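A.B. asks:
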Amino acid sequence: MRVIVTGGAGFIGSALVRYLVLERGYDVLTIDALTYAGCVASLKAVEGKNSHRLLHANICDRSAMDAAIAGFRPDRIMHLAAESHVDRSIIGVADFIQTNIVGSFTLLEAARAHWNGLKGDAKAAFRFLHVSSDEVYGSLGDEGLFTETTPYDPSSPYSASKAASDHLAKAWQRTYGLPVLVSNCSNNYGPYHFPEKLIPLTIINALEGRKLSIYGKGDNIRDWLYVDDHARALNLIIERGEPGETYNIGGRNERRNIDVVLRICAVLDELVPTNAPRAELIEYVTDRPGHDARYAIDATKLENVLGWRAQENFDSGIEKTVRWYLENKWWWQPLREHYDGQRLGLNI
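Mapping to full-length UniProt numbering: the sequence shown position 128 is 128, numbers consecutive.
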């Protein structure tokens, strides 16, 4: 099986690449623009493998995409390349429009040209998976879950750009017949996560004795999904899912942001004791604009139709994640040269 993974040097993308190469034995071409959040070191586990190649290219470059696809001749394309940080989208939206919308369009067109040139069984078996976020659905109240039929109601420039790319992917399936599948996931966590997001930022700042900034009262709720569970789900969707269908992926682990931070502090205090509890580093700061109150995924379709189940619960996953950051400072310490550990929403 020959698979192209866009955004494969990012957090979720690198987890998927490691899974496809090391667990499934697939031939994988990783395409990544290697922006600030793309990290070649995240692919160290597949370095030197004959079954993996890394191409430094931008999905907005049509000629580069055509050449990559023609040269590799994939059976599947798994599209994860995206600008993904909400705070960054508020202070600098142009990159989100360019990558998430224009880039997705460019890749869809390159994939369509490749698919149209295939014959017989190869054409029938080809699949394109567009990987997206639950943030396209907007904010939930105290009750209910996002399903695959929940209307889109994005709140931020990031989620609006992802919603637009979802609609493009679905339109290319309906209009041109390109065998596209779409997935929408809840918040991911785990190893190799760039330290601008809540969990890795909290772990690293707490280790360094820095303030742990919490937006508002910390009451915003997210459904947490361990990244390796997500990688397995994505492979299952593209292997057994139906073109034209959407699949929600969630961990069924709803937690308030403040409870996530407190749990991380407790794990660190146990593993690396200090004189004072790390919870004393917590500070509450002004909430960011358009901060959705609650996300929670109903993954029943994925569970019942394709047989997927999350293997990691939140407590075990958080401990595993904290231990990884303690044991792999070689990976995250160099990133401090490019990101100083501030929550970007404080500058809005």
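All C-beta atoms in this analysis are idealised placements derived from N, C-alpha and C, irrespective of residue type, glycine included.
The structure displayed is predicted, hence computed values, not measured ones.
1) Along the chain, where does the alpha helix (DSSP H) that runs through L198 open and close?
2) Identify the residues that DSSP records as bridge partners of W224: which are they?
3) Per DSSP, which residues does T6 bridge with? Please list them.
4) Considering only the alpha carbon of each residue, which of K197, R112 and D259 lies closest to R174?
5) Check for me: the beta strand (DSSP E) holding S84 runs from which residue to which?
6) Beta-carbon within less than 8 Å of S183's beta-carbon, same chain only, minus the 5 sequence neighbours each way: which residues are those?
7) Under the three-state reduction of DSSP, which class applies to S132: helix, strand or coil?
8) In the DSSP assignment, find the alpha helix (DSSP H) that holds T175 and state where it starts and stops.
9) Can I282 and V261 be called in contact, C-beta distance under 8 Å?
10) Go ahead and pull the three-state DSSP assignment for residue 360.
11) Using the DSSP secondary-structure output, state which residues sit across from F146 in a beta bridge.
12) What residue range does the alpha helix (DSSP H) around I59 cover?
13) Taking all protein chains shown into account, do 16 or more other C-beta atoms lie within 10 angstroms of the C-beta of W115, making it buried, or fewer, making it exposed?
14) Kindly indicate which three-state DSSP category L326 falls into: helix, strand or coil?
15) Whose C-beta lies closer than 8 Å to the C-beta of Y26 among residues of the same chain, with five residues either side of it excluded?
16) Which residue wins for smallest C-alpha separation from D142, given the options R76, A266, N328 and R256?
17) Determine the burial state of E327: buried for a count of at least 16 other Cβ atoms within 10 Å of its Cβ, exposed for fewer.
18) For the beta strand (DSSP E) that L212 lies in, which residues bound it at each end?
19) In the DSSP assignment, what are the bridge partners of N248?
20) On the premise that L268 lies in contact with A310, defined as a C-beta separation below 8 Å, what is that separation, rounded to the nearest angstrom?
21) In the structure shown, what three-state DSSP assignment does Y284 receive?
22) Which residue marks the beginning of the beta strand (DSSP E) containing E254, and which one marks its end?
23) I need the straight-line Cα distance from P277 to A122, nearest angstrom please.
24) Buried or exposed: K329, going by 16 or more other Cβ atoms within 10 Å of its Cβ?
25) Are the Cβ atoms of F144 and P154 separated by less than 8 Å?
26) Assign T202 to buried or exposed, taking buried as 16 or more other Cβ atoms, counted over all protein chains shown, within 10 Å of its Cβ.
27) For A67, does the three-state DSSP call read helix, strand or coil?
28) Using a Cβ-Cβ cut-off of 7 Å (strictly less than) and excluding sequence neighbours within five positions of T300, which residues of its own chain qualify?
29) Do S186 and G251 come within 8 Å of each other at the CB atom, strictly closer than that value?
30) On the CB-based measure, 16 or more other CB atoms within 10 Å of its CB, does L178 come out buried or exposed?
31) What's the C-alpha gap between F11 and A45?
32) When you compare each of A163, V227, R88 and D95 to I318 by their alpha carbons, which one comes out closest?
C.D. replies: So, to answer that:
1) What you label residue 198 is simply residue 198 of the sequence shown in a count that begins at 1. Here the alpha helix (DSSP H) through L198 covers L198 to L207.
2) Position 224 of the sequence shown, counting from 1, holds the residue named residue 224. Beta-bridge annotation (DSSP): W224 is paired with N187.
3) The residue given as residue 6 occupies position 6 in the sequence shown. Paired residues: I31 and H79.
4) Walking along the sequence shown from the start, residue 174 turns up at place 174. Measuring from the Cα of R174, the nearest candidate turns out to be R112.
5) Translated into positions along the sequence shown, residue 84 becomes position 84. If you look at S84, you'll find it isn't in any beta strand (DSSP E); DSSP assigns it neither H nor E.
6) Taking the first residue of the sequence shown as position 1, residue 183 is located at position 183. Here the set comprises L129, H130, V131, S132, A233, L234, I237, T246, Y247, N248 and I249.
7) What you label residue 132 is simply residue 132 of the sequence shown in a count that begins at 1. Strand.
8) Counted from its first residue, the sequence shown places residue 175 at position 175. For T175, the enclosing alpha helix (DSSP H) starts and ends at P157 to Y176.
9) In the sequence shown, counting from the first residue as 1, residue 282 sits at position 282. In the sequence shown, counting from the first residue as 1, residue 261 sits at position 261. Judged by their CB atoms, I282 and V261 are nearer to each other than the 8 Å cut-off.
10) Limits of the chain in this structure are 1 at one end and 348 at the other, which puts residue 360 out of reach.
11) On the sequence shown, residue 146 is found 146 positions in, with the first residue counted as 1. According to DSSP, which records beta bridges pairwise, F146 is partnered with I297.
12) Here residue 59 refers to the residue found at position 59 when the sequence shown is read from its first residue. Counting along the chain, I59 falls outside any alpha helix (DSSP H), and DSSP gives it neither H nor E.
13) Residue numbering aside, residue 115 sits at position 115 when the sequence shown is read from its first letter. Result: buried.
14) The count along the sequence shown starts at 1 and reaches residue 326 at position 326. Collapsing the DSSP output to three states places L326 in a helix.
15) On the sequence shown, residue 26 is found 26 positions in, with the first residue counted as 1. Excluding residues within five positions, the ones whose Cβ falls inside 8 Å are M1, R2, V3, L20 and S51.
16) For this step, residue 142 is matched to residue 142 along the sequence shown. If we check each option's Cα against that of D142, R256 comes out closest.
17) Residue 327 sits at position 327 when you count from the first residue of the sequence shown. E327 counts as exposed, since fewer than 16 other C-beta atoms from the protein chains shown sit within 10 angstroms of its C-beta.
18) Translated into the one-based positions of the sequence shown, residue 212 becomes position 212. DSSP places L212 in the uninterrupted beta strand (DSSP E) bounded by L212 to Y215.
19) To locate residue 248, count along the sequence shown from 1; it is residue 248. N248 pairs with N184.
20) For the purposes of this step, residue 310 is taken as residue 310 along the sequence shown, with counting starting at 1. For the purposes of this step, residue 268 is taken as residue 268 along the sequence shown, with counting starting at 1. Contact doesn't hold; Cβ gap of about 24 Å is too wide.
21) Walking along the sequence shown from the start, residue 284 turns up at place 284. Strand at Y284.
22) In the sequence shown, counting from the first residue as 1, residue 254 sits at position 254. The continuous beta strand (DSSP E) containing E254 extends over residues E254 to R256.
23) Against the sequence shown, residue 277 aligns to sequence position 277. Against the sequence shown, residue 122 aligns to sequence position 122. For P277 and A122, the distance between alpha carbons rounds to 58 Å.
24) Here residue 329 is taken as the residue at index 329 of the sequence shown, counted from 1. Per the 10 Å Cβ criterion, exposed.
25) If you number the sequence shown from 1, residue 144 lands on position 144. If you number the sequence shown from 1, residue 154 lands on position 154. It is Gly, not Phe, that sits at residue 144 in the sequence shown. No.
26) The residue you call residue 202 lines up with position 202 of the sequence shown. By the neighbour-count rule (16 or more Cβ atoms within 10 Å), T202 is buried.
27) The count along the sequence shown starts at 1 and reaches residue 67 at position 67. In the three-state reduction of the DSSP assignment, A67 falls in the helix class, which pools H, G and I.
28) The residue given as residue 300 occupies position 300 in the sequence shown. Result list for T300: empty, nothing under 7 Å.
29) On the sequence shown, residue 251 is found 251 positions in, with the first residue counted as 1. On the sequence shown, residue 186 is found 186 positions in, with the first residue counted as 1. The answer is yes: Cβ separation under 8 Å.
30) If you number the sequence shown from 1, residue 178 lands on position 178. Counting other Cβ atoms within 10 Å of its Cβ, L178 reaches 16 or more and is therefore classed as buried.
31) Reading the sequence shown from its first residue, position 11 is the one you call residue 11. Reading the sequence shown from its first residue, position 45 is the one you call residue 45. F11 and A45: Cα-Cα distance of roughly 14 Å.
32) The count along the sequence shown starts at 1 and reaches residue 318 at position 318. Closest by alpha carbon: V227.
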